[in-house]
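Chains A and B supply the protein sequences, listed in that same order.
Using this note's numbering, read the first sequence as starting at 481 and increasing by one per residue.
Using this note's numbering, read the second sequence as starting at 481 and increasing by one per residue.
C-beta: ideal position from N, C-alpha, C; glycine also.
All values derive from a computational prediction rather than experimental measurement.
Number of protein chains: 2
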Amino acid sequence: MSARHKSVGRQKDPEKRDRILAAARKVFLLRGFGAATIEAIASEAGVSKVTVYGHFGTLEALLHAVVLAEADSINSAISRPLVQSDTLIEDVINFGIHLLSTLRERNTLDFEHLVAARATQQPELVTAYFVSGRARGMELLAKLMRPDIGEKAVEAAEMLFALWSGGDQHRVLLGLRGPLSDDEIDCHVRFCVDVIGKAYSLDERK
Amino acid sequence: MSARHKSVGRQKDPEKRDRILAAARKVFLLRGFGAATIEAIASEAGVSKVTVYGHFGTLEALLHAVVLAEADSINSAISRPLVQSDTLIEDVINFGIHLLSTLRERNTLDFEHLVAARATQQPELVTAYFVSGRARGMELLAKLMRPDIGEKAVEAAEMLFALWSGGDQHRVLLGLRGPLSDDEIDCHVRFCVDVIGKAYSLDERK
DNA sequence: CCTTTATTGAACGTCCACGTACAGTTAATA
DNA sequence: TATTAACTGTACGTGGACGTTCAATAAAGG
């Protein structure tokens, strides 16, 4: 009955799929998941409603696809090859600066909200977003510090992440203040590294 | 025209107001804001729809009221008079344990989600929740440490908060793992205090 | 060629929640 | 007592989005 008709008949247009995704992205961010409708997305994509149903079945599936794509993009932004500097500490600092610069972007913030809003109804979404975002970032950071502090690196990376994204950055996420300035990021990142450095005796040698 | 008819005619029944609030709380937590309807809340409260419109005008207003009430309750839970112990550090640790015990509760987590989900559409909600929750907690913690480290106390309190509620507690919030056990809380709280203690030379004297 | 699938545009019936209105009651004040 | 306003139950019209169907056209395979 339900055999795979792979190469029979017309193909689904991948370009339309992309247009739908882009439109969905736009609508979700603009109106939030609750107010987003398939019809609005179809119209925004310049595509018929039936086509949307054909590519993705439901709003949830659409959101899932959108978030996955974006998580990937954000993630690869974070893990972009870092400039190697003289000391390990400088490397860590650069990583932090780069991370916070990404986290303060309007786009990133909006996506965090979008995902958080669905935490109860679509837990897999959160998992996917977290795993391909934060989790990979932490791994990278830990790898960076491992030469110096060994197995404690994972723990230290987690603490650094917590410090970096807590405090004022958390306020930014909640919309309680505007995005951190470059100076604030630099200052905050270094300060946190200092704190963790003392606790884990990260030192200056390379 | 629009004079205040304060004491003319029947009064709005405060008990019904409470029933509506309780019902709204239940419905919001159960179905999320997006799927909550005034009719469902009215029926859950055993009250006519018109009465709900009379007490609160909109769903948003209802959510606002519900969140304010809950934030107050959570907040007063956090700032409950602490057991005085021998050392300042023990006091701080007790505060942290108490805080994390509150944060891991299903109820608290659900409310954080509810608020986060509305961050874009109802920013005032986030502000209110944060101010009467986190912010007061931090003040208290800072006050606790001020005798020892003076003006740095605010900064230190913020760092501690970040460390405490980051890492695994953050995973709990995202639904990536079950709530922290008592042991985990105890251990984590002490460890964080240790880290911050080293950076700010919190010491054992009282 | 023929068959199968994708896509469109429009139309469909359904459902659900909205916000309001009405007539009748219950409770407060003056 | 008369007045004013809070309530109830019910009903109404409206609008929005759902998910599906249909006939027609376009693209891909055998």
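Pairing Met639 (chain A) with Val675 (chain B) gives a Cβ-Cβ distance under 8 Å. Taking a C-beta distance under 8 Å as the contact criterion, Val595 (chain B) and Leu605 (chain B) qualify as a contact pair.
For Phe575 (chain A), the enclosing alpha helix (DSSP H) has its first and last residue at Leu568 to Leu583.
Gln649 (chain A): member of the alpha helix (DSSP H) spanning Gly647 to Leu654, first to last residue. For Ala520 (chain B), the closest Cβ of chain A is not nearer than 8 Å.
Taking the beta carbon of Pro603 (chain B) as reference, the chain A residues within 7 Å of it are Gly655, listed in sequence order.
When Cβ-Cβ separations below 8 Å define contact, Met625 (chain A) makes no contact with chain B.
Here the alpha carbon of Asn587 (chain A) sits roughly 14 Å from the alpha carbon of Tyr609 (chain A). For Val673 (chain A), the closest Cβ of chain B is not nearer than 8 Å. Here the region 514 to 529 of chain A does not lie against the region 567 to 585 of chain A, with fewer than 3 beta-carbon pairs under 8 Å apart.
Beta-carbon to beta-carbon, Gly613 (chain B) and Asn555 (chain B) are separated by about 5 Å, close enough to satisfy the 8 Å threshold. Taking C-beta atoms as the reference points, Pro603 (chain B) and Gly647 (chain A) fail to come closer than 8 Å. Cβ contact annotation for Ile629 (chain B) (same chain, cutoff 8 Å, sequence separation greater than five): Ala636, Tyr680, Ser681 and Leu682, in chain order. In the DSSP assignment, Gly512 (chain A) falls within the alpha helix (DSSP H) that extends over Pro494 to Ala515. Around Gly647 (chain A), the beta-carbon contacts reaching into chain B at under 8 Å are Glu638, Met639, Phe641 and Ala642. By the neighbour-count definition (other C-beta atoms within 10 Å, threshold 16), Glu631 (chain B) is an exposed residue. Taking the Cα positions, Ala503 (chain B) is about 13 Å away from Phe536 (chain B). Where Arg626 (chain A) is concerned, the enclosing alpha helix (DSSP H) starts and stops at Arg616 to Ile629.
With a cutoff of 8 Å on beta-carbon distance, Arg616 (chain B) and Ser553 (chain B) are scored as not near each other. Within the same chain, and ignoring the five residues on either side of Val634 (chain B) in sequence, the residues whose Cβ sits closer than 7 Å to its Cβ are Ala622.
The residues Ala545, Val546 and Ala549, in chain order, have a CB closer than 7 Å to that of Leu501 (chain A) in the same chain once the five nearest residues on each side in sequence are set aside.
The beta carbons of His593 (chain B) and Ala599 (chain A) sit about 5 Å from each other, so the pair counts as a contact at 8 Å. Any Cβ of chain A closer than 8 Å to the Cβ of Gly613 (chain B) would place that residue at the interface, and such an atom is absent. Per DSSP, the unbroken alpha helix (DSSP H) holding Phe610 (chain A) starts and ends at Pro603 to Phe610. In the DSSP assignment, Ala545 (chain A) falls within the unbroken alpha helix (DSSP H) covering Leu539 to Ile558. For Gly537 (chain A), not one C-beta of chain B is nearer than 8 Å to its own C-beta. The alpha-carbon of Val563 (chain B) is positioned some 10 Å away from that of Glu570 (chain B).
With distances taken between CA atoms, Ala642 (chain B) lies nearest to B:Cys672 out of B:Glu519, B:Val652 and B:Cys672. Rounded to the nearest whole angstrom, the C-alpha separation of Asp566 (chain A) and Asp662 (chain A) is 22 Å.
In this structure, the straight-line span from the alpha carbon of Glu585 (chain B) to that of Pro659 (chain B) is close to 8 Å. Short of 8 Å from the beta carbon of Lys492 (chain A), and not among the five residues preceding or following it, lie these beta carbons of its own chain, in chain order: Gly534 and His535. Against chain A, a Cβ distance below 9 Å from Lys678 (chain B) picks out Val675, Lys678 and Ala679. Secondary structure note for Gly677 (chain A): its alpha helix (DSSP H) is the uninterrupted segment Asp662 to Tyr680. For Thr531 (chain A), the CB contacts under 8 Å within the same chain, skipping 5 residues up- and downstream, are Lys496, Ile500 and Ala522 in chain order. For Thr600 (chain A), the secondary structure class from DSSP, reduced to helix, strand or coil, is coil.
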